[in-house]
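In this note's numbering, the protein residues as written are 391 to 511.
Here you go:
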């Protein structure tokens with residue numbers, strides 16, 4: 391397996407795993423202390439970052455370079471907006487994976503050019 395495929399598949403797997411991980415935090419709305427429609431509304435509000443991630447993942451799967459740049463920018467936005475820089479463990483769990491995913495997509499786009507050239511020979 392060549393570098394392009396390894397980087398691309400790794401980035402895609404990490405996006406899926408990270409989206410599931412982040413989605414687990416939205417499940418805290420279902421504690422049973424409120425009516426179901428209020429809990430559902432809270433869940434949807436807490437799930438907004440996941441909807442954003444899913445949208446960016448769709449872009450990244452089609453255009454790795456643009457997706458990689460967006461994921462890196464999103465890691466910076468998450469760091470500032472959610473203030474993950476205040477605690478190192480939170481920074482490692484929330485911001486660093488986004489940066490890593492973005493970096494993998496950027497590297498994948500770089501090796502894709504070499505992969506396409508080799509296939510045409």
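Note that CB positions come from ideal geometry on N, CA and C, so glycine has one too. From a predicted model like this one, the values you see are computed outputs, not experimental measurements.
Out of 431, 449, 411, the CA that lies nearest to the CA of residue 480 is found in 411. With respect to residue 401, residue 460 sits apart: the two C-beta atoms are not nearer than 8 Å. When secondary structure is reduced to three states using DSSP, residue 479 falls in the helix class. For residue 409, the enclosing alpha helix (DSSP H) starts and ends at 393 to 414.
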